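Working notes, structure below.
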Amino acid sequence: FAEIKNRSNTVSGISGDFRFDAFSTRLKDLNETNESIESILSLAANKPPRLWSDNDIDIALIEIASWAKKFKRIEVLSSIKNRKPTREAFAFIFDDKENGTVQAEYDIKSSDIKTVEDLSQKILGEIHDKDLSKNILLAALAKVSIAIVNGKGD
Numbered sequence: 059f060a061e062i063k064n065r066s067n068t069v070s071g072i073s074g075d076f077r078f079d080a081f082s083t084r085l086k087d088l089n090e091t092n093e094s095i096e097s098i099l100s101l102a103a104n105k106p107p108r109l110w111s112d113n114d115i116d117i118a119l120i121e122i123a124s125w126a127k128k129f130k131r132i133e134v135l136s137s138i139k140n141r142k143p144t145r146e147a148f149a150f151i152f153d154d155k156e157n158g159t160v161q162a163e164y165d166i167k168s169s170d171i172k173t174v175e176d177l178s179q180k181i182l183g184e185i186h187d188k189d190l191s192k193n194i195l196l197a198a199l200a201k202v203s204i205a206i207v208n209g210k211g212d
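Position in the sequence shown (first residue = 1) + 58 = the numbering used here.
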């Protein structure tokens with residue numbers, strides 16, 4: 059829970075959306091108790107647990123999924139409020155005759171940055187010693203990225 063609490067500190071109070079801010083504030087206090095989970099579910103369902111129906115649980119789960127996506131977006135944008143971002147965002151766009159335009163947007167948690175850096179250095183070590191132009195190397199990396207975006211090699 060420590061990571062989600064830290065991430066919640068970054069996004070709390072900057073969205074301009076009172077219900078979302080209440081959600082991020084409750085995540086700061088999240089623990090394994092039923093009360094903690096119920097407080098988030100009741101916020102998402104917009105009613106206390108004693109008034110829930112089966113439909114309210116479904117509504118709450120959809121709202122929480124929506125807030126989770128918003129949470130990640132706000133993490134990336136948190137620097138506009140002078141907070142240290144807890145995610146890094148990337149975009150990939152490639153256009154060719156075979157695949158058409160391939161686009162992907164994705165983000166990673168700050169805790170994954172070291173893994174990304176290590177893998178990047180390993181890949182650079184593999185390709186750097188080759189006697190190839192920068193354009194060839196970048197095109198090869200783009201082709202690999204397309205394969206990953208399209209799910210080839212999963």
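Where a beta carbon is used, it is the ideal one built from N, C-alpha and C, also for glycine.
Quick caveat: nothing in here was measured; it's all calculated off a predicted structure.
query: Rounded straight-line distance, which links the Cα of Lys155 to that of Lys128; result: 34 Å
query: Buried versus exposed call for Ile65 [16 or more other C-beta atoms within 10 Å across all chains shown]; result: A quick correction: the sequence has Arg, not Ile, at residue 65. Buried, because 16 or more other Cβ atoms sit within 10 Å of the Cβ of Arg65.
query: Whole-number beta carbon distance between Glu133 and Val69, since they are thought to touch under 8 Å; result: 6 Å
query: Sequence-distant residues of the same chain with beta carbon closer than 6 Å to Ser94, five excluded per side; result: Leu88
query: Beta-carbon proximity of Leu85 to Ile117, cut-off 8 Å; result: no
query: Under 8 Å between C-beta atoms of Asp165 and Phe150; result: no
query: With 16 other Cβ atoms within 10 Å as the buried cut-off, status of Ala126; result: exposed
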